[in-house]
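Chains as they are written, first to last, in this note's numbering: chain A, 1 to 316; chain B, 1001 to 1645.
Right, one structure below, let's go through it.
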Amino acid sequence: MRLRTTAVVGSLLLLTVTGCGAADMTKQASPFANAGAKTVTLSTQSWVGAQANVAVAQYLLEHQLGYRVDTVQIDEVPAWDALGQGRVDAILEDWGHPEEEQRYVQDKKTITRGGDLGVTGHIGWYVPTYFAKQHPDVTNWKNLDKYASQMRTPESGAKGQLMDGSPSYVTNDKALVKNLKLDYQVVFAGSEAAQITQMQQFAKEKKPFLTYWYTPQWLFKKVPMTEVKLPAYKEGCDADPEKVACAYPHTPLQKYLNTDFARSGGEAAAFLKKFKWTTEDQDEVSLMIADQKLSPEEAAKKWVDSHASTWKAWLS
Amino acid sequence: MATVTAPAPRIALPGLLRHRAVHKLLLLAVAAAILVPLANARWASGSWPSALTVDLTEPLTRTSDWIIDNRDTHPLFLYFFGHVSNAVVLSVRAVYLVLLAVGWAGVTAFAGLVAWRVAGVKLALGTAAAFLACGLLGMWIPTMQTLALMVVAVLASVVVGALLGLAAGLSDRMDRILRPILDTMQVMPAYAYLLPMVLVFGNGVPAAVLATLVYAAPPMARLTSLGLRGADKEVLEAVESLGSTARQRLLTARIPLARKELLLGLNQTIMMALSMAVIASVIGAGGLGDRVYQALGSVDVGAALAAGIPIVLLAVVLDRVTGAAGDGTEGSGRAGWAYALLAAVAVAVAGRLLGRLDWPDAWTLDIAEPVNRAVGWMTDHLYSGVPVVGGTAEWAGHFTTWVLDPVRDGLQGLPWWSVLLIVAALAWLIGTWQTALTAVLAMAAIGVLGVWQPSLDTLSQVLAAVAVTLVLGFAIGIAAARSDRVERMLRPVLDVFQTMPQFVYLIPVVALFGVGRAPAVAAAVVYALPAVVRITAQGLRQVDQASLESARSLGATSGQQIRQVQLPLARPALLLAVNQGVVLVLAVVIIGGLVGGGALGYDVVFGLAQGDLATGLVAGAAIVCLGLMLDRVTQPTERRTKKGA
Chain A
1 MRLRTTAVVG SLLLLTVTGC GAADMTKQAS PFANAGAKTV TLSTQSWVGA
51 QANVAVAQYL LEHQLGYRVD TVQIDEVPAW DALGQGRVDA ILEDWGHPEE
101 EQRYVQDKKT ITRGGDLGVT GHIGWYVPTY FAKQHPDVTN WKNLDKYASQ
151 MRTPESGAKG QLMDGSPSYV TNDKALVKNL KLDYQVVFAG SEAAQITQMQ
201 QFAKEKKPFL TYWYTPQWLF KKVPMTEVKL PAYKEGCDAD PEKVACAYPH
251 TPLQKYLNTD FARSGGEAAA FLKKFKWTTE DQDEVSLMIA DQKLSPEEAA
301 KKWVDSHAST WKAWLS
Chain B
1001 MATVTAPAPR IALPGLLRHR AVHKLLLLAV AAAILVPLAN ARWASGSWPS
1051 ALTVDLTEPL TRTSDWIIDN RDTHPLFLYF FGHVSNAVVL SVRAVYLVLL
1101 AVGWAGVTAF AGLVAWRVAG VKLALGTAAA FLACGLLGMW IPTMQTLALM
1151 VVAVLASVVV GALLGLAAGL SDRMDRILRP ILDTMQVMPA YAYLLPMVLV
1201 FGNGVPAAVL ATLVYAAPPM ARLTSLGLRG ADKEVLEAVE SLGSTARQRL
1251 LTARIPLARK ELLLGLNQTI MMALSMAVIA SVIGAGGLGD RVYQALGSVD
1301 VGAALAAGIP IVLLAVVLDR VTGAAGDGTE GSGRAGWAYA LLAAVAVAVA
1351 GRLLGRLDWP DAWTLDIAEP VNRAVGWMTD HLYSGVPVVG GTAEWAGHFT
1401 TWVLDPVRDG LQGLPWWSVL LIVAALAWLI GTWQTALTAV LAMAAIGVLG
1451 VWQPSLDTLS QVLAAVAVTL VLGFAIGIAA ARSDRVERML RPVLDVFQTM
1501 PQFVYLIPVV ALFGVGRAPA VAAAVVYALP AVVRITAQGL RQVDQASLES
1551 ARSLGATSGQ QIRQVQLPLA RPALLLAVNQ GVVLVLAVVI IGGLVGGGAL
1601 GYDVVFGLAQ GDLATGLVAG AAIVCLGLML DRVTQPTERR TKKGA
């Protein structure tokens, strides 16, 4: 009896608190948003390039347009979902997710394209430049097997180690190793942080290694790396994930906005649509964050102070 | 001499046990002799036979697609989940706004004064200092976000847990239904909860709060039920003889008598919720956990630590204050409370009037830089080429090649039915036939799910980590039990490592041990060690002083005392340490997926990162089964027979 009364009272309370009608699952803002000021919520991904975009956008939104900016770290695919639901207002750097684009942009129309970021992304296999200089032929995939024994680690056992990073990244490496019949074992570092730490440790000792990596990335300035040529990319050669035997494409990185935000987001939405910079700009900020260990805010401030002409255009 | 007297009680027990053990083993051998040839004839394969697996990829993918497509339109979401989600967002927001409105001075004063009333002056100062430290580290806003989330999650967990506990405490049938469920939830690694929540609620605070609720409510339920059942029979009878109704008895006698357990439940719930606050940052909980997680992205140990310290401080303070409340020493008079409240309000108003609601930027201390330098130095000098002992990288390599690889290959090389047999034998020897059956069924479920190989890989990591943990834990525990000074020195260290978010030390661990299974094992050892050390030391200290004294008077050396008196007598505590160690290690070996541990941990991380329900959920289920199996295999019978006490 007692239990039932509590349950009834509880559900009544819930209803009165939330309003009696249907709840809109597409409007699920963060509870920390809009506490005191008008707020924009940006999704940052785990890699530093994405953090650099967000840091600069955040700095300008806060100091030039008077917004409060919340950032939420979400992986790529869940970020699409969150964007569709309005939990975040914008993704500033997307590496291409055709399936999600079809679902959210074309079918549900809860997400709107926000234009080019201005940076071109590329995924590939890399060896450290100090090793490539000693053995120039390592940069062609056909010669990789020759060096497999030097790339061995306890994890890869008798084969050479090809290190992959975060599970959230796009990768065909397992299929590539199999289809190109290489004497390598894909070892998943499980997170980009772990992968970077391992690469830095290898580089300190000038050890050879083979890794999945991508540009633009700040680590190239710290550990110079050279790309290994894979069979050239042709449109559609990566259609079947089991049979891929070609390199990764070059992808112009895209911005995406929540549809409601794009329509009624005012100055912030207009600003984020115009936000466009170059690979060098992004790298400059990334390096300040990741290598000099400046806080993203300080890094953004430094860049903003010295590149007024670039960002003035985004505000007009 | 001592050897003659001391082992006397010891012989009796193992003698009996051996007798029963032989019976059990014989029975099992007979069963195996009949079943194995049958199974082997039908499915002759080393690994789990593919004929016995069920592929869940297709239905799970369909479910996931259905949820995403219908989330905005289906009544179930519109009228139920939507409201739940809104209620969570609304309440977290309300608490957050209140915290912001009260300002940093008000929050600190309020926390300090509550601690003063509940636990005395010393803890009050500690509490206030902890909150100021959060601000000093530049983490005030994230701390308040985490606190808002925690307040809502803990309140909800306490309400849900207490209701369940009330049901289980008053009705035997409910108890029988709830007990296995709570048992299972207790051994589930936090990571396994995340994916289903994300799917229904999407990334964000509602999913995080609900995952925390599911994780933190069981201890409250368990302890509430325990408290209600443990009430003194004579007191109850006395109350009954006064002619009170059942409800009166509950309110005036049983609940007040269970006060200690209820407060312990609150304490446990808060601790669990805090540890979840960080893990839930993976699904968008925000706050301190998110700062730790973001720092991980830029390999910034210092920044991760700056966000990790407030979590440790909050945990230690909340633990001590609720613990003191459980002892019930202070708490005299309403007047004290009134003054305390008044003072807190005064400080808050003063803060407001002075316009100092946000923590002033100038008062922050940057610890990231020196910490990073220290970590950098450590990893530079220890990684490799250390004379004589070799660097950590070499150790990790040897550990992988000589321990992890053979154990994994050995496990994976065993025929599937023999793995089941071993599990059955171990579980039955230490427990009852029910525990053995649960363990075998859990193991078989892993095979049916089609993740036999990765599960054995994970299992090999768990075994290796548990072995290392136990060796170190028992050694340190014995040292702590023998010397008060060692124990006093260890206490803060254990506190820190028990509450420090695991994400903080994942990077240093990779820097020292490289990418792979070795760092996952190392992180697991760091996490599980404090609990093992604690339980060991406590168990050894609680050994009957009289038996110790008599051993000493017979001239036993200190080594003999430990080996022949303390350790045998502390056997239940040591078994509990093993059990706890196994469960904790499993929880971190899963997180080890983030540093190259592979296997099930990687699958769960992959599922979360790619929104791939099929991979993530199956791996999550396998982890739960693995946890269940490990718990049953290491769970001493004593814990079972005590039930109903």
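The beta carbon of each residue, even a glycine, is placed where N, CA and C say it ideally should be.
Please read all numbers here as calculations on a predicted model, not as lab measurements.
Cutoff 7 Å: residue i Cβ touching any chain B Cβ
i, result
"residue 77 (chain A)", "yes"
"residue 226 (chain A)", "no"
"residue 87 (chain A)", "yes"
"residue 171 (chain A)", "no"
"residue 96 (chain A)", "no"
"residue 155 (chain A)", "yes"
"residue 190 (chain A)", "yes"
"residue 26 (chain A)", "Summary for residue 26 (chain A): the model assigns pLDDT 49, below 50, so the residue's position carries little reliability, and this model does not support an answer."
"residue 149 (chain A)", "no"
"residue 260 (chain A)", "no"
Close beta carbons around residue i, own chain, < 8 Å, minus the five adjacent residues each side
i, result
"residue 62 (chain A)", "68, 69"
"residue 141 (chain A)", "125, 180, 182, 228, 229, 230, 231"
"residue 1337 (chain B)", "1117"
"residue 1219 (chain B)", "1161, 1186, 1265, 1268, 1269, 1272"
"residue 1340 (chain B)", "1113, 1114, 1116, 1117"
"residue 979 (chain B)", "Nothing can be reported for residue 979 (chain B): it is not among the residues displayed for chain B, which extend from 1001 to 1645."
"residue 1040 (chain B)", "1415, 1417"
"residue 303 (chain A)", "56, 281, 284, 285, 288"
Assigned exposure category for residue i - 16 Cβ within 10 Å defines buried
i, result
"residue 10 (chain A)", "Unreliable positioning characterises residue 10 (chain A) in this predicted model, as indicated by a pLDDT of 49, which lies under 50. The coordinate reading is nonetheless provided below. Residue 10 (chain A) is exposed by the Cβ-count criterion."
"residue 1033 (chain B)", "exposed"
"residue 243 (chain A)", "exposed"
"residue 143 (chain A)", "exposed"
"residue 340 (chain A)", "This structure cannot speak to residue 340 (chain A), because chain A is shown only from 1 to 316."
"residue 1373 (chain B)", "exposed"
"residue 1460 (chain B)", "buried"
"residue 1141 (chain B)", "buried"
"residue 166 (chain A)", "buried"
"residue 241 (chain A)", "exposed"
"residue 1439 (chain B)", "buried"
"residue 1189 (chain B)", "buried"
"residue 149 (chain A)", "exposed"
"residue 1489 (chain B)", "exposed"
"residue 1177 (chain B)", "exposed"
"residue 1058 (chain B)", "exposed"
Beta carbon proximity, residue i to chain A, threshold 7 Å
i, result
"residue 1505 (chain B)", "no"
"residue 1477 (chain B)", "no"
"residue 1615 (chain B)", "no"
"residue 958 (chain B)", "Since the first and last residues shown for chain B are 1001 and 1645, residue 958 (chain B) lies out of range."
"residue 1137 (chain B)", "no"
"residue 1203 (chain B)", "yes"
"residue 1515 (chain B)", "yes"
"residue 1630 (chain B)", "no"
Same chain, Cβ closer than 6 Å to residue i, five either side skipped, listed in chain order
i, result
"residue 44 (chain A)", "50, 51, 54, 71, 73"
"residue 120 (chain A)", "250, 252"
"residue 986 (chain B)", "The structure shown has nothing for residue 986 (chain B), since chain B only spans 1001 to 1645."
heavy atom of the ligand ADP below 6 Å from residue i C-beta
i, result
"residue 1076 (chain B)", "As for the ligand ADP, it is missing from this structure, which has no ligand bound."
Under 7 Å by beta carbon: chain D residues contacting residue i
i, result
"residue 1061 (chain B)", "Looking at the structure shown, chain D is missing, and the protein chains on hand are A and B."
Same chain, Cβ closer than 7 Å to residue i, neighbours up to 5 away in sequence not counted
i, result
"residue 1302 (chain B)", "1367, 1368, 1369, 1371, 1372"
Go through the region 200-254 of chain A residue by residue and report every complete run of the beta strand (DSSP E) that reaches 3 residues or more, in order.
210-215, 225-228
Using a Cβ cut-off of 7 Å, which residues of the region 1267-1298 of chain B contact any Cβ in chain A, in chain order?
1284, 1286, 1290, 1293, 1294, 1296, 1297, 1298
In the region 1598-1612 of chain B, which residues sit with their C-beta less than 9 Å from some C-beta in chain A, listed in chain order?
1598, 1601, 1602, 1603, 1605, 1606, 1607, 1608, 1609, 1610, 1611, 1612
Listed from N- to C-terminal order along the chain, which residues in the region 58-75 of chain A have their beta-carbon within a distance smaller than 7 Å of any beta-carbon of chain B?
72, 73, 74, 75
What residues from the region 1350-1371 of chain B come within 7 Å of chain A, judged by C-beta to C-beta, listed N to C?
1368, 1369
What residues in the region 117-132 of chain A have a beta carbon less than 8 Å from any beta carbon of chain B?
none
Using a Cβ-Cβ cutoff of 7 Å, what residues of the region 1190-1201 of chain B are near chain A? List them in chain order.
Those residues of the region 1190-1201 of chain B that come within reach of chain A (Cβ to Cβ, closer than 7 Å) are 1198.
At a Cβ cut of 8 Å, what residues of the region 1404-1430 of chain B count as close to chain A, listed as they run along the chain?
1405
For the region 1570-1599 of chain B, which residues have a beta carbon sitting closer than 7 Å to at least one beta carbon of chain A?
1593, 1594, 1595, 1596, 1597, 1598
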